[in-house]
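All residue numbers for the sequence shown refer to the UniProt record's numbering, where the first residue is 1 and numbers rise by one. We put the CB at the ideal spot given by N, CA and C, even for glycine. Predicted, not measured: the structure shown is a model, and the values here were computed from it.
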Amino acid sequence: MEFQLQGFVFHKVVTNQRDKSVVLVPRERQIELPEPKANTLVSTILTSYQGEGNMAYARILADSWFDIKTKRYFAKELGFYQFSRDTLSQLKIELEKAPLATGGFLTIIDYLIDGEPNLMIVLIKNAKGIGIDADLNLEEIDTLDIDKLHFAANIDIRRWQEADKDLEAPHVSFLKGKNRKDTVVGYFKSLLGIDEEAYLDPSKHTQQLVTLIKNYCEEFKSEDEALNSRRAIQEWADGKIAKGESITLREVANQLEPGDPDSFIDFVTQSKIEIPAEFEPVAKHLKSLLKYRVSGPNKEYTLSFEQAALENKTIYLNAEGHLVITKVPDSIKPNIPKA
């Protein structure tokens, strides 16, 4: 991965959740390039960003505030530093609408990667660390917590500039943040003028798909058929992921019901779950498709359980190799003798 910095700057944003105030501490000028320390910092940010699987994808709304401002910048009608100050001011407006929002360092990076133009907008948090001063004493220092980017978005400039040629292809990728379990923070999407109808969240959509497949199998298939279908789809989808390919609902329908794929498509429609027709699935969520059935000697017992039971340790093997079931239903406890 080779990158070349074209512009780099950061500004401090301080929020107070008690009085909902937002204070801006802008840097007086952009970082003069070339600057080795800036290269090191950006390299670390890019590595953290690209190594994170929890991504979402979207498009910028045409003629939104950010779209117009960014067009002016790349048309050289607006300098990089002024572009960053304008973005900072707009972020303040959005933050004031979100009382629980937290601050950090708004970092704007204009760079080429393998010769292609990109623009990255990042909010980096401060973190406390321990350092050693000139007298070899330990001291508390402020560091940038790159491993926990609060939010980050990368815009593929060429795709964005050619957005009218493909009205569905996303040109913005989001890092949802390692501590965020749901969606990209709303004020960040508002800042960038994100088109909600074109917003793709692979983690969320994979979980939605798994739920749809489970519900369909429960309603229309026997237990044996459901076990086989769910495992087959999980293995097929894992193969697509390994090749870096997306999946479509039509392909899933053909895997699930080769003779009547429309039955699953109709089921999805009737469920009213908003899921895109094509997206890149997330492997860790596909594991939830797995279901297990175990029969004891001479079929003395049959036990069925979902992958989630293993992940939550509701069912597990102890040190002696015995299967342990926690959270046993009260209704069956009186019928089970204690050891």
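Check, Outcome
"Cα separation between Phe-267 and Tyr-216?", "7 angstroms"
"For the beta strand (DSSP E) that contains Tyr-316, what are its first and last residues?", "315 to 317"
"What is the DSSP secondary structure of Thr-154, counted as helix, strand or coil?", "For the record, residue 154 in the displayed sequence is Asn; it is not Thr. Strand at Asn-154."
"Exposed or buried, which one is Asn-16 when buried takes at least 16 other CB atoms within 10 Å?", "exposed"
"What residues in its chain sit with their C-beta under 6 angstroms from that of Lys-181, if we drop five residues either side in the sequence?", "Interpretation of Lys-181 is limited by its pLDDT of 42, a score under 50 that renders its predicted location unreliable; the figure taken from the coordinates is listed afterwards. Excluding positions up to five away in sequence, the list is empty."
"I'd like to know whether the C-beta atoms of His-171 and Phe-279 end up nearer to each other than 9 angstroms.", "no"
"Under 7 angstroms Cβ to Cβ from Lys-221, same chain only, skipping five residues before and after it: list those, please.", "Ser-229"
"Indicate the three-state DSSP secondary structure (helix, strand or coil) for Pro-329 in the structure shown.", "coil"
"Can the beta-carbon of Tyr-187 be found closer than 9 angstroms to that of Ala-58?", "no"
"From the DSSP output, which residues share a beta bridge with Ala-56?", "Phe-174"
"Taking the beta carbon of Lys-178 as the centre, do at least 16 other beta carbons fall within 10 Å, making it buried, or is it exposed?", "Caution is warranted here: a pLDDT of 46 is assigned to Lys-178, below 50, making its placement in the model unreliable, and the coordinate value is therefore given only provisionally. Label assigned to Lys-178: exposed."
"Assign Ser-222 to one of three DSSP states: helix, strand, or coil.", "coil"
"Just how far apart, CA to CA, sit Leu-289 and Ala-283?", "11 angstroms"
"If we count Cβ pairs, one from each stretch, closer than 8 angstroms, do we get three or more for the segment 67 to 77 versus the segment 34 to 52?", "no"
"Could you name each continuous alpha helix (DSSP H) segment of 4 residues or more that falls completely within the segment 4 to 77, going from the start of the chain to the end?", "36 to 50, 65 to 74"
"Please check the pair Asp-110 and Leu-123, which I expect to be a contact at CB under 8 angstroms, by giving their CB distance rounded to whole angstroms.", "Incorrect: roughly 17 angstroms between the Cβ atoms, too far for contact."
"Around the C-beta of Tyr-316, are 16 or more other C-beta atoms found within 10 angstroms, so that it is buried, or is it exposed?", "exposed"
"For Leu-303, count neighbouring C-beta atoms within 10 Å of its own C-beta (all shown protein chains included) and say buried if the count is 16 or more, exposed if not.", "exposed"
"Would Leu-61 pass as a contact of Ile-194 if the rule is Cβ separation under 9 angstroms?", "yes"
"Tell me the DSSP secondary structure of Asn-126 in three-state form.", "strand"
"Considering only the alpha carbon of each residue, which of Glu-96, Phe-3, Ile-31 lies closest to Phe-80?", "Ile-31"
"Exposed or buried, what is Asp-201 when buried is set at 16 or more other beta-carbons lying within 10 Å of its beta-carbon?", "buried"
"Under 9 angstroms, do Ile-275 and Leu-209 count as touching if we go by C-beta distance?", "yes"
"Please check the pair Leu-5 and Asn-39, which I expect to be a contact at CB under 8 angstroms, by giving their CB distance rounded to whole angstroms.", "7 angstroms"
"I think Asp-156 touches Ala-127, with their Cβ atoms under 8 angstroms apart; what is that distance to the nearest whole Å?", "Actually they do not touch by this definition, with Cβ atoms about 30 angstroms apart."
"Cα separation between Lys-12 and Pro-36?", "21 angstroms"
"Opposite Ser-295 in the DSSP bridges: which residues?", "Thr-302"
"Between which two residues does the beta strand (DSSP E) carrying Tyr-81 extend?", "Segment 80 to 95 is the alpha helix (DSSP H) holding Tyr-81; no beta strand (DSSP E) there."
"Quick one, which of Val-185, Trp-160, Thr-143, Gln-161 has its alpha-carbon nearest Ala-152's?", "Val-185"
"Can the beta-carbon of Ile-233 be found closer than 9 angstroms to that of Leu-249?", "no"
"Taking DSSP as the reference, what is the three-state secondary structure of Gly-239?", "helix"
"From the DSSP output, which residues share a beta bridge with Asn-254?", "DSSP lists no partner for Asn-254."
"Taking 9 angstroms as the cut-off, decide whether the C-beta atoms of Val-23 and Val-9 are in contact.", "no"
"What do you reckon, are the CB atoms on Ile-108 and Ser-84 nearer than 9 angstroms?", "yes"
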